[in-house]
Every structure is written in structure tokens, then in C-alpha cells.
Amino acid sequence: MKQFGGPAAFLDRSDINTDEIIPARYLTEISKAALKPHLLEDLHLEGDTFDPRSEEIQNAQVLITRSNFGCGSSREHAVWVLEVNGINMVIAESFARIFRQNMFNCGILAIELKKNDLDRLFKLQGKVTVSVDLDKEQLSVSSDNGASVLCPFSLNPFDKQLIAAGGWLAYADAKY
Amino acid sequence: MGKTITEKIFDAHLRDTPTPGNMVLDIDVIMCHEITTPIAIMDLMEKGMDRVCDPKRIKAVIDHVTPPKDAKTAMQAKIMREWARRHSIKDFFDIGRNGVCHALFPEKGFIRPGNTVIMGDSHTCTHGAFGAFAAGVGTTDLEVGILKGVCAFRAPRSLKVVVNGMVPKGVYAKDIVLNIIKQLTVNGGTDMVIEFVGPVVEQMDMASRMTLCNMAVEAGATSGVCMPDLVTAQYLWPFIKDKYASPEAAAAEFSRWHSDPDARYERVLEMDVSKLEPQVTFGYKPDNVQDIGEMAGTPVDQIYIGSCTNGRIEDLRVAASIVHGKTIADTVRAILVPATPLVYSQALEEGLLKIFMDSGFCVLNPTCGACLGMSSGVLAEGDVCASTTNRNFSGRMGKGGMVHLMSPASAAAAAITGVITDPRPYLP
Ligand code: SF4
Chain C
24 MKQFGGPAAF LDRSDINTDE IIPARYLTEI SKAALKPHLL EDLHLEGDTF
74 DPRSEEIQNA QVLITRSNFG CGSSREHAVW VLEVNGINMV IAESFARIFR
124 QNMFNCGILA IELKKNDLDR LFKLQGKVTV SVDLDKEQLS VSSDNGASVL
174 CPFSLNPFDK QLIAAGGWLA YADAKY
Chain P
-15 MGKTITEKIF DAHLRDTPTP GNMVLDIDVI MCHEITTPIA IMDLMEKGMD
35 RVCDPKRIKA VIDHVTPPKD AKTAMQAKIM REWARRHSIK DFFDIGRNGV
85 CHALFPEKGF IRPGNTVIMG DSHTCTHGAF GAFAAGVGTT DLEVGILKGV
135 CAFRAPRSLK VVVNGMVPKG VYAKDIVLNI IKQLTVNGGT DMVIEFVGPV
185 VEQMDMASRM TLCNMAVEAG ATSGVCMPDL VTAQYLWPFI KDKYASPEAA
235 AAEFSRWHSD PDARYERVLE MDVSKLEPQV TFGYKPDNVQ DIGEMAGTPV
285 DQIYIGSCTN GRIEDLRVAA SIVHGKTIAD TVRAILVPAT PLVYSQALEE
335 GLLKIFMDSG FCVLNPTCGA CLGMSSGVLA EGDVCASTTN RNFSGRMGKG
385 GMVHLMSPAS AAAAAITGVI TDPRPYLP
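Here the protein sequences come in this chain order: C and P.
Okay, so the first sequence: first residue is 24 according to the working numbering, each after it adds one.
Okay, so the second sequence: first residue is -15 according to the working numbering, each after it adds one.
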């Protein structure tokens, strides 16, 4: 099975929509790879300090954000742009339905945490790395300054099957 | 315990329950457009799975950027066209017969009460207006739909919105749904189907019901739905007349889908629209909604009347009644995009296009165009647009542009004055 986890980047805002994750002007592409340079290109965070080209974003394999991540359009491009940039997991308080489904359909993780657990992650300083135990349904999030946080989560059993199968197409092709 | 309309539709289409609470449904109508489908087609081809479950269940249209604006969009169209030919997909709508998917497919009678519908497009919820379960999905779901005719959903939960009162003059379905989104917020409907019921909805025509359901996704909902009734049967009559003795008989049959009185809802929102004012959005979230009076006088640069929300003939009639005999403000440019060829030719026959053109509107061919900022009226940085579309996200109609969502009447009034304007004094 695919490996999950890695260095994390924080996006401290709720309701980040798919237009911000991948703007519509790139929807004319017919390959996933062509989306790569445009990750989070139109995202604005408080104070306007967000830079999609920063080292934190470029190295991230995990995104940690607030609630209702991925709202708006159904474009799976918003998941692919994460995928082609090496991001295999998004941790949030909640997701928009289509986006969350697209994540599991592609065989990558959308993990929901309680607000106070998320707040603990946002308080971590320094470089943060996430590892995940899918059987125990537990995240371990640690910072390079030594601090670490354990968070339980629960995965829908069907979504777990999709992850194990490597996505919905492989699952459905084998079963229906 | 009674069932909601959505639970009844799920029961009637259940193929598999892979784990408790997860349901795989047979899908009646799989709709495709050229933004999200070509990439699915290419992926299926690469995997050696270029097949379709049933060409009759697939409906396809080139609508988002049409005619193509450049080599890339021309290639997207070409991939769709060749795929439709290769698989004998008869209901494929190319240039000359194409229009905005969620306006075109209902017009063709493709969606019937009790149907399950998916499309790689978030505003697929529009088709819930016919008493169907219609959900936007991503490309992988679309691929599986095309290939296997199934789609997975979590067991449905429903939220009921009861619309009471008398709709005041100058207030339309768009104002009502904007106000509902304001109350529910952008994720108030997440993982739920919004049932729009109550006397106001019962009296609405199909165009208005489609406007309501169209924006259900802006409250995060999986879909919107209205109870199929005589209004639905009359709209669909040309397509179903061989099957039923009369529209009344069809309506009676449709009523088997209606939610039971003792069905369970996550939440019930009651509202009275008798005192509702015309609504408008501010900022970049569709739940940022206020009375239009609070923003009156805000200058706009562009007017956009069109889209799957408000590009139907009923919308054009209202807007035309306001611009009739007047000239648009010289500080604005105004764009009208009839949603389908039928709307276009009706507007032509009724003399509406002339009214718009005489007042200074540019009339475009049916397309999504500037609604998603891809062509035909994209905003420049700093531009402000009074728009009848459904999304005001940052960058939606062009990077750095601001979109104020409103009804066609309000957009028409803004065209005349050049500023955000309460449309009521301008109505005939
Ligand atoms: S008109 Fe706008 S919202 Fe409707 S389908 Fe086209 S792009 Fe989407």
C-alpha cells in the first residue's frame, strides 16, 4: 500500500475553495502533470503573506488546515494538483463532500480531527512532520524542536477499503 | 418511520452496501462536459478501459468554453467529440446545438422524477428540481460512472427548507436561495440533501425551482430537491405523453417519490419570504449576503446575465422588461448569454435580443464563458461585476475581480444605473 505522511505545511483558514487550490484557468489541461506549478496559486491567507512557492509548501507532503476544505467546484484537479506535488494527506476539521470523496477515490487521505486537536497542531512550532497509523487510526505529529502530539481519528470503513484498493476505479473495476 | 424522497430514490437504485452507511447506486443519467470529461477519457484510455456502460445513459455537451478560445480548449472538445462518436453516444451536443449543461439537459427532458444523476460538475444539483437525486462528482467517480454505471454515496441525510409567505414584487428564486445560503452558511448543508418545500416552492415554475436547487451546493449540500408535481409533469409533458394519459396522471404517479410526513430530517428551516428584500452578495463567499439596499450605489464595471443559475428565458424576460427602451450606463459593459439555443431563439422571437442590443448589451452564444472565468467576459484585476451566476469566489470570473451575485432583475437595474441598484422601481 501507498505510504502516507511526511513534512507538513499549515494553511490557517477555513473554507479554502477549489478555485484557490487550482484556478479554473488551468482546467484546460488534459494531463495531471501540467497542473504541478499551479498549486494554491490563488490562495490568500490573513495578512496576505502566503507564498505558494515557499519552501514549506514546496516540500510539504501533508497539508494541515481548518474547516470545510475543498469547497466549491467538483474539479478533481484540486486533488491531482496535491498529488502531483507529492501531497498524500490533508488534515482538517472538515471537508467539502466532493473534495473528500475525490481524495479517497484517488487513494489519498483526507483526515478529520476535532477542533481542539487541530488547535494543538497549529500551536506546534518549527518544522512539523506527520506520520499515520491506519490500523490504530492515530496520527503522530512531531516538531523538530522535540514537541509532539498524538491525535486519534476515525476513518469511514468504506474509505479505508478505497485506500487499500488504491482508489475507487480499481475497487469498482474489480467488484462491479 | 417514513422516508425522504432521497431515501426512496436510494432504495430504488441500491446496487451494493459495501460497508454499513455506504451505498453504491445504479445511475440513470451520466452527464459529461468538456472540462472534466476529457481527462477521464484520457485516463481510461491509458488504462485500457475505454468503454462505456451504456451509451443511452450518457449525455454529453461541449459548453464551458465554446466555440473554443484556443488550441487547448479545441483539443478538449475534440477528445469529447471523438469519444462520443467512438461509443455511439447519440445525445452529444456540439457547436450550434450546445448550451450550458444544467439548462440544456432539462430542456431535452433527460431528467425524470426518481432518477439518479451524476456529472463531473458541482452544479449538477440543479436537476434535483425534477424530483431526482442529482449530484456533482469528481473525475474518478465520473470514470466509474461511465464504465460501470454506478456511484458510491453515504446514506443520505436531509435538511428541509420550508418556504412560506407571499413572494413580493421584485423578489425572485435567486433572492430566496441567496437568503437561504446566508442562513445555512457555506457548509450548513454539507453531506445533506436540501429539500425545498412549502407553498412558495409549490407555486414556482421549473425555471425557479432549478435556480433554487442550482445553488444548494453553495451551502455545501450534496444536492437540492423539489417534490415532483403537476408543474414538473407539465414541463416534461412533450417527453412523457406516450407514457401517461394526462399530466395529472403523471403527477399522481410522481407523488410516490414524495417524502413521507414522518420522514427524518437533520434540520428544518422555516422561512417567510413576505418581507424579503432583493439580495446581493459581498466578498468572496456565497453566504456573504445582504439586502441590496445596503450596497446600493456601489459602482460596477460589468454586468453578466447568464449561466445555469439564471440564463433561462424566464430570466431574460424579467431583465428585458427592465432595460426596455433604456440605455446602459456609459461606465459599464453588459453581457447577455442565453443559456441554450432554445432560449436564444425564443428570446429572438420574442424580441428580447433586440431590446438588449438596443440598450447596449453584447449578446453572446450559449456557453458558460465568464461564469467560471475561462472566456467571453473575463474580469480584469480590480473589475467589479454584477452577475446572475452562482459563485463569487476570489478569482472566479478573473483574477483580482469582484463578483456580486444577484437576480437578473437586479443585474439589469445595475446595467442601467452603473451601480448596484434595487430593481423594484425599475420594474414595469
Ligand atoms: S454556467 Fe457556470 S456554474 Fe453553471 S455549469 Fe457553467 S461554469 Fe458551472
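The beta-carbon is built from N, C-alpha and C at its ideal position, and this holds for glycine as well.
Bear in mind that the values here come from a model prediction, so they are computed numbers and not experimental data.
Are the CB atoms of residue j and residue i within a distance shorter than 7 Å?
i, j, result
"F94(P)", "K40(P)", "no"
"A323(P)", "A113(P)", "no"
"I(-7)(P)", "G98(P)", "yes"
"T(-10)(P)", "F117(P)", "yes"
"I178(P)", "A157(P)", "no"
"T206(P)", "W191(C)", "no"
"G295(P)", "V316(P)", "no"
"I276(P)", "S394(P)", "yes"
"A304(P)", "I339(P)", "yes"
"T429(P)", "G204(P)", "Outside the displayed span of chain P (-15 to 412) sits residue 429(P), for which this structure offers no information."
"P343(P)", "K383(P)", "It should be pointed out that residue 343(P) corresponds to Ser in this sequence rather than to Pro. No."
"A397(P)", "I287(P)", "no"
"K55(C)", "W103(C)", "yes"
"A369(P)", "V84(P)", "What sits at residue 369(P) in the sequence shown is Cys, not Ala. No, the Cβ-Cβ distance between C369(P) and V84(P) is not below 7 Å."
"M279(P)", "I160(P)", "no"
"Q84(C)", "G29(C)", "yes"
"E99(C)", "G122(P)", "yes"
"Y49(C)", "L58(C)", "yes"
"I53(C)", "P22(P)", "yes"
"M358(P)", "A197(C)", "no"
"V302(P)", "P392(P)", "yes"
"L363(P)", "G385(P)", "yes"
"S413(P)", "S97(C)", "Outside the shown range of chain P, which is -15 to 412, sits residue 413(P), and nothing can be said about it."
"P175(C)", "T3(P)", "no"
"L132(C)", "I110(C)", "no"
"Y410(P)", "I306(P)", "yes"
"E127(P)", "L28(P)", "yes"
"T110(P)", "D271(P)", "no"
Who does residue i pair with in a DSSP beta bridge?
i, result
"R143(C)", "R143(C) pairs with nothing; no bridge assigned."
"N125(C)", "Partner(s): none; N125(C) has no beta bridge."
"P283(P)", "V403(P)"
"E135(C)", "A115(C)"
"A32(C)", "L86(C)"
"G120(P)", "M103(P)"
"M7(P)", "F137(P)"
"T174(P)", "A205(P)"
"I14(P)", "I42(P) and I102(P)"
"A370(P)", "I287(P) and H388(P)"
"D256(P)", "N148(P)"
"V347(P)", "L320(P)"
"V181(P)", "V146(P)"
"V151(C)", "S166(C)"
"C197(P)", "The partner list for C197(P) (beta bridge, DSSP) is empty, contrary to what the question assumes."
"F266(P)", "According to DSSP, F266(P) bridges with nothing at all."
"N82(P)", "Paired residues: none, contrary to the question."
"Q274(P)", "V264(P)"
In chain A, what lies closer than 8 Å to residue i by C-beta?
i, result
"F377(P)", "Of the protein chains in this structure, namely C and P, none is chain A."
Problem - Contact between the region 2 to 19 of chain P and the region 128 to 135 of chain P (3+ Cβ pairs under 8 Å) - result: The region 2 to 19 of chain P vs the region 128 to 135 of chain P: in contact.
Problem - Contact list for the region 169 to 195 of chain C against chain P, Cβ threshold 9 Å - result: Those residues of the region 169 to 195 of chain C that come within reach of chain P (Cβ to Cβ, closer than 9 Å) are N179, P180, F181, D182, K183, Q184, L185, G190, W191, L192, Y194 and A195.
Problem - Within 9 Å of chain P by C-beta, residues of the region 40 to 52 of chain C in sequence order - result: Within the region 40 to 52 of chain C, the qualifying residues are N40, T41, D42, E43, P46, A47, R48, L50, T51 and E52.
Handout entry: Proximal residues, the region 99 to 132 of chain P versus chain C, C-beta separation under 9 Å
Key = The region 99 to 132 of chain P vs chain C, Cβ under 9 Å: M103, G104, D105, S106, H107, T108, A119, G120, V121, G122, T123, T124, D125, L126, E127, V128, L131 and K132.
Handout entry: Contact between the region 33 to 48 of chain C and the region 75 to 95 of chain C (3+ Cβ pairs under 8 Å)
Key = Flag = yes, the region 33 to 48 of chain C and the region 75 to 95 of chain C touch.
Handout entry: Residues from the region 53 to 65 of chain P in contact with chain C, defined by Cβ distance under 8 Å
Key = Within the region 53 to 65 of chain P, the qualifying residues are D54, K56, T57, M59, Q60 and I63.
Practice task
With a cut-off of 5 Å, give the chain-ordered residues whose Cβ is closer than this to any heavy atom of the ligand SF4.
Solution key: Taken from the N-terminal end onward, the list reads V84(P), H107(P), S291(P), C292(P), C352(P), C355(P) and L356(P).
Handout entry: Positions along the region -9 to 10 of chain P whose CB lies within less than 9 Å of some CB in chain C
Key = Here the close residues are R(-1), D0, P2, T3, P4, G5, N6 and V8.
Exercise for the section: Decide if the region 248 to 264 of chain P is in contact with the region 148 to 164 of chain P; the criterion is three or more beta carbon pairs, one per stretch, under 8 Å apart. Expected result: They touch, by the three-pair rule.
Exercise for the section: Check distances from the C-beta atoms of the region 65 to 85 of chain P to those of chain C and list, in chain order, the residues that come in under 8 Å. Expected result: None of the residues of the region 65 to 85 of chain P has a beta carbon lying less than 8 Å from any beta carbon of chain C.
Practice task
Would you check if there are 3 or more beta carbon pairs closer than 8 Å linking the region 158 to 166 of chain C to the region -6 to 1 of chain P?
Solution key: Contact fails: fewer than three Cβ-Cβ distances are below 8 Å.
Exercise for the section: Give a yes or no on contact between the region 180 to 197 of chain P and the region 140 to 147 of chain P, applying the rule of three or more CB pairs nearer than 8 Å. Expected result: Segments in contact, yes.
Handout entry: the region 130 to 150 of chain C in contact with the region 106 to 119 of chain C per 3-pair CB rule at 8 Å
Key = They touch, by the three-pair rule.
Exercise for the section: With 7 Å as the C-beta to C-beta threshold (strictly closer), list the residues of the region 238 to 251 of chain P near chain C in chain order. Expected result: Under the 7 Å Cβ criterion, the region 238 to 251 of chain P contributes no residue.
Practice task
Output, in sequence order along the chain, the residues in the region 85 to 108 of chain C whose CB is closer than 9 Å to any CB in chain P.
Solution key: For the region 85 to 108 of chain C, the residues whose beta carbon sits under 9 Å from a beta carbon of chain P are, in order, S90, N91, C94, G95, S96, S97, R98, E99, H100, A101, V102 and W103.
Practice task
Can you give me, in chain order, the residues of the region 279 to 302 of chain P that have a beta carbon less than 9 Å from any beta carbon in chain C?
Solution key: Listed by position along the chain: nothing, the set is empty.
Exercise for the section: Scan the region 65 to 87 of chain C for residues whose Cβ lies nearer than 7 Å to a Cβ of chain P and list them as they occur along the chain. Expected result: Hits within the stretch, in order: D65 and H67.
Exercise for the section: Decide if the region 47 to 56 of chain P is in contact with the region 13 to 24 of chain P; the criterion is three or more beta carbon pairs, one per stretch, under 8 Å apart. Expected result: Contact between the region 47 to 56 of chain P and the region 13 to 24 of chain P is present, because at least three Cβ pairs lie under 8 Å.
Handout entry: contact_flag[the region 117 to 128 of chain C, the region 143 to 159 of chain C] where n(CB pairs < 8 Å) is 3 or more
Key = No: the two stretches stay apart, fewer than three of their Cβ pairs being nearer than 8 Å.
Practice task
Scan the region 349 to 380 of chain P for residues whose Cβ lies nearer than 9 Å to a Cβ of chain C and list them as they occur along the chain.
Solution key: Within the region 349 to 380 of chain P, the residues whose Cβ lies closer than 9 Å to any Cβ of chain C are, in chain order, L356, G357, M358, V362, R375, F377, S378, G379 and R380.
Problem - Interfacial residues, the region 161 to 187 of chain P to chain C, with Cβ spacing under 7 Å - result: Look at the region 161 to 187 of chain P: the residues with a C-beta under 7 Å from a C-beta of chain C are V170, N171, T174 and D175.
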